[in-house]
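In the order they appear, the protein sequences are chains A and B. Quick note on this note's numbering: the first sequence kicks off at 34 and runs consecutively. Quick note on this note's numbering: the second sequence kicks off at 33 and runs consecutively. Ideal Cβ placement from N, Cα and C applies to all residues, glycine included.
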Amino acid sequence: MKKLKSNIANMAIVLTLIAVLAAGALAWVNDETSGPIEEINNAAIENGIKSVILGDRDIEFTVESPREQDGFVFHNVNDRNGNLLGTAVESTDKNGFGGALKIMVGFDPDGVILGYTVLEHSETPGLGAQADGWFRQKSADVQEQPVALDILLGKPAAPGNHNIIGMNPGDDMMTVSKDGGDVDAITASTITSKAFLRAVNAAYKALFGYTAADAVSGASSQN
Amino acid sequence: MNYFKTIINGIFKENPTFVLLLGMCPTLATTTSAMNGLGMGVATMFVLICSNTFISLFKNLIPDGVRIPCYIVVIASFVTALQMLMQAYVPDLYKTLGIFIPLIVVNCIILGRAEAFAAKNNILAAICDGIGIGIGFTVALTLLGFVRELLGSGAVFGHQVMPTSMNMLVFVLAPGAFITLGLLMAIVNSIKNRKA
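The structure is reproduced here in structure tokens:
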């Protein structure tokens, strides 16, 4: 078959045809995959709620239907008598190192952090991507043997505190220690750490209306 | 046309990363670990084979005047379909690679091979070219990711092999990507020159 000539009619018809075919094919794929994708997303949210509120505790619970407000999503979790166990909040900070950082953080009714999980991130592997584990490790868990090189360079061998579980953003300064807060940033990933803590504070503020960091200065929220 | 030769050609003589220097954006951005490099390479290979096949099949139906827009629509459709399929059926892989998948649309290797090879050759040759270039790209990305992960975070495919205090952060960040790429290219070229 000879190649079609590049006159206006041929060009218009072929381009339109290809665009229509592509749109049709994509619509079909979208139709086929939207079901499974939604299931997976719902399952991820459900597992997230369970892990940030209950942790390892194995008790019966029910999740109220989610409530959305100003970009936050709240999931209230009740025990089987209908008493509030805590609230899981989906919170996003747009200024992570690699883009938006979306987390879910669970507060008990007093505002104490029960747990958190990172839902979506684009942080650097090996650095900011450690956020999912870093902020739940007790200092003892990560205390490494002092390494000769670190001692030579005068670096502190033992890391400080970066476990946020059990903290209460209403009482504790939930900012990185560089900013005068109580949480040690991930080594070499201060931007990620700040974004993470901003998301936690924003979630708390959306739920309870204030944070301890607010009271000191408004500056930390802009860093 | 020797099909086997076409495949080998894509891996060595016309390796997209080390020789043609195509697709540098995803190459530098995604190779922070060996696994990311491998995944990106395989995803690109899939799209490359599909688009090469399609374009070679319909090369006579596409008038020259609108060939670039047509290729772009075809490539973008395959990428979008791939993204949705991965999200639905391999969610774990999608979670690690999700943000890189849309980058494949603007990967000039795919448009480059469509224009330079698929549009001029028969369908079998085009598929072989897709496989060859795809493997070449995957090998290059995995190698780059391997070196950067080992030096930058002391791990091999996610398994820690060196103490974290020996990490050279720069290799995980952008400058390290350029340094590693430059050195790997020098090594590949010196091997090639010795053979010639």
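Exercise. In chain A, what lies closer than 9 Å to N92 of chain B by C-beta?
Worked result: Locating residue 92 of chain B in the second sequence gives position 60, where the first residue counts as 1. Per Cβ cutoff of 9 Å: M34, K35, K36 and L37.
Problem set entry | Any 3 or more C-beta pairs closer than 8 Å across the stretch 37-49 of chain B and the stretch 229-248 of chain A | no
For this session: Alpha carbon to alpha carbon, how far is S39 of chain A from I51 of chain A? Give it in angstroms, no decimals.
Result: Counting from one through the first sequence, the residue named residue 51 of chain A turns up at place 18. Counting from one through the first sequence, the residue named residue 39 of chain A turns up at place 6. Rounded to the nearest angstrom, the two C-alpha atoms are 16 Å apart.
Exercise. Between the stretch 60-71 of chain A and chain B, which residues of the former have a C-beta closer than 7 Å to a C-beta of the latter?
Worked result: V62, N63, T66, P69 and I70
Problem set entry | Contacts around V51 of chain B, its chain only, beta-carbon distance under 6 Å, and the 5 residues preceding and following it disregarded | Position 19 of the second sequence, counting from 1, holds the residue named residue 51 of chain B. Once the five neighbours on either side are set aside, V51 of chain B has no close Cβ partner at all.
Exercise. Quick one: any contact between the stretch 104-119 of chain B and the stretch 150-162 of chain B, if contact means 3 or more CB pairs under 8 Å?
Worked result: no
Exercise. Going straight from the alpha carbon of S65 of chain B to that of T174 of chain B, what length do you get?
Worked result: Along the second sequence, read from residue 1 onward, the residue named residue 65 of chain B stands at position 33. Along the second sequence, read from residue 1 onward, the residue named residue 174 of chain B stands at position 142. Going from the Cα of S65 of chain B to the Cα of T174 of chain B covers about 8 Å.
For this session: Please compile the residues from chain B whose C-beta is within a distance smaller than 8 Å of the C-beta of T157 of chain A.
Result: As a first step, residue 157 of chain A is located in the first sequence; it is residue number 124 there, counting from the start. Under the 8 Å cutoff, chain B gives T64, V204 and L205.
Exercise. Nearest to A121 of chain A by CA position, among A:P202, A:V216, A:G131 and A:V85, is which residue?
Worked result: By one-based count along the first sequence, residue 121 of chain A stands at place 88. Nearest of A:P202, A:V216, A:G131 and A:V85 to A121 of chain A, Cα basis: A:V85.
Problem set entry | Proximal residues to P189 of chain A (C-beta, below 6 Å), its chain only, five neighbours per side dropped | To locate residue 189 of chain A, count along the first sequence from 1; it is residue 156. The predicted position of P189 of chain A is uncertain, since its pLDDT is 47 and thus under 50; no value can be drawn from it.
Problem set entry | Spatial distance of G161 of chain A from K36 of chain A (CA atoms) | Here residue 161 of chain A is taken as the residue at index 128 of the first sequence, counted from 1. Here residue 36 of chain A is taken as the residue at index 3 of the first sequence, counted from 1. The straight-line gap from Cα to Cα measures roughly 53 Å.
For this session: Quick one: grab the DSSP three-state call for Y35 of chain B.
Result: On the second sequence, residue 35 of chain B is found 3 positions in, with the first residue counted as 1. Reduced to three states, the DSSP call for Y35 of chain B is helix.
Problem set entry | Close Cβ partners of F78 of chain B (< 7 Å) along its chain, the five nearest in sequence each way excluded | Within the second sequence, numbered from 1, the residue matching residue 78 of chain B stands at position 46. Hits under 7 Å: L114.
For this session: Go ahead and label R113 of chain A buried or exposed: buried means 16 or more other beta carbons lie within 10 angstroms of its beta carbon, across all protein chains shown.
Result: The residue you call residue 113 of chain A lines up with position 80 of the first sequence. The residue is exposed, with fewer than 16 neighbouring Cβ atoms inside 10 Å.
For this session: Let me know if A173 of chain A comes out buried or exposed under the rule of 16 or more other beta-carbons within 10 Å of its beta-carbon.
Result: Here residue 173 of chain A is taken as the residue at index 140 of the first sequence, counted from 1. Below a pLDDT of 50, predicted positions are generally treated as unreliable, and A173 of chain A, at 46, falls in that range; no measurement from the model is reported.
Exercise. Buried or exposed: A252 of chain A, going by 16 or more other Cβ atoms within 10 Å of its Cβ?
Worked result: By one-based count along the first sequence, residue 252 of chain A stands at place 219. Only weak support exists for where A252 of chain A lies, its pLDDT of 44 falling under 50; the value from the coordinates is given anyway. Classification of A252 of chain A: exposed, given that the 10 Å Cβ count is below 16.
Exercise. Residues in its own chain within less than 7 Å of M72 of chain B by CB, not counting five upstream and five downstream?
Worked result: Residue mapping note: residue 72 of chain B aligns to position 40 of the second sequence, counting from 1. Same-chain partners within the cutoff: P58, T62, L129, F132 and L173.
For this session: For A164 of chain A, decide whether its Cβ has a neighbour in chain B, counting only Cβ atoms nearer than 8 Å.
Result: Translated into positions along the first sequence, residue 164 of chain A becomes position 131. So no, A164 of chain A is outside the interface.
Exercise. Buried or exposed: where does M194 of chain B fall if 16 or more other Cβ atoms within 10 Å of its Cβ makes it buried?
Worked result: Locating residue 194 of chain B in the second sequence gives position 162, counting from the first residue. Looking at its Cβ environment, which holds fewer than 16 other Cβ atoms inside 10 Å, M194 of chain B is exposed.
Problem set entry | Contact list for L201 of chain B against chain A, beta-carbon separation under 8 Å | Indexing the second sequence from 1 puts residue 201 of chain B at position 169. Those are L160 and A221, listed as they occur along chain A.
For this session: Name the residue from A:A221, A:N109 and A:A236 whose alpha carbon lies nearest to the alpha carbon of L87 of chain A.
Result: Counting from one through the first sequence, the residue named residue 87 of chain A turns up at place 54. Ranking A:A221, A:N109 and A:A236 by Cα distance to L87 of chain A puts A:N109 first.
Exercise. Any heavy atom of the ligand ZN within a distance shorter than 7 Å of the CB on M200 of chain A?
Worked result: With respect to the ligand ZN, the structure offers nothing, as it holds no ligand at all.
Problem set entry | G129 of chain A versus A221 of chain A: straight-line alpha-carbon distance, rounded | Taking the first residue of the first sequence as 1, we reach residue 129 of chain A at position 96. Taking the first residue of the first sequence as 1, we reach residue 221 of chain A at position 188. In a straight line, the C-alpha of G129 of chain A is about 13 Å away from that of A221 of chain A.
Exercise. Rounded to a whole number of angstroms, what is the C-alpha to C-alpha distance between P69 of chain A and G214 of chain B?
Worked result: Position 36 of the first sequence, counted from the first residue, corresponds to residue 69 of chain A. Position 182 of the second sequence, counted from the first residue, corresponds to residue 214 of chain B. For P69 of chain A and G214 of chain B, the distance between alpha carbons rounds to 43 Å.
For this session: Note down the Cα distance separating T212 of chain B from E46 of chain B, rounded to an integer number of angstroms.
Result: Position 180 of the second sequence holds residue 212 of chain B. Position 14 of the second sequence holds residue 46 of chain B. C-alpha separation (whole angstroms): 20 Å.
Exercise. Any Cβ of chain A within less than 8 Å of the Cβ of V105 of chain B?
Worked result: Your numbering for residue 105 of chain B matches position 73 in the second sequence. With 8 Å as the cut-off, V105 of chain B counts as an interface residue toward chain A.
Problem set entry | Interface residues of chain B facing A55 of chain A [CB-CB closer than 8 Å] | Counting from one through the first sequence, the residue named residue 55 of chain A turns up at place 22. Under the 8 Å cutoff, chain B gives V105, V106, A108 and S109.
Exercise. Considering only the beta carbon of each residue, do V106 of chain B and S83 of chain B sit closer than 8 Å?
Worked result: Here residue 106 of chain B is taken as the residue at index 74 of the second sequence, counted from 1. Here residue 83 of chain B is taken as the residue at index 51 of the second sequence, counted from 1. Going by C-beta atoms, V106 of chain B is nearer than 8 Å to S83 of chain B.
For this session: Would you decide whether S98 of chain A is buried or exposed? Buried here means 16 or more other CB atoms lie within 10 Å of its CB.
Result: Here residue 98 of chain A refers to the residue found at position 65 of the first sequence. Exposed is the call here.
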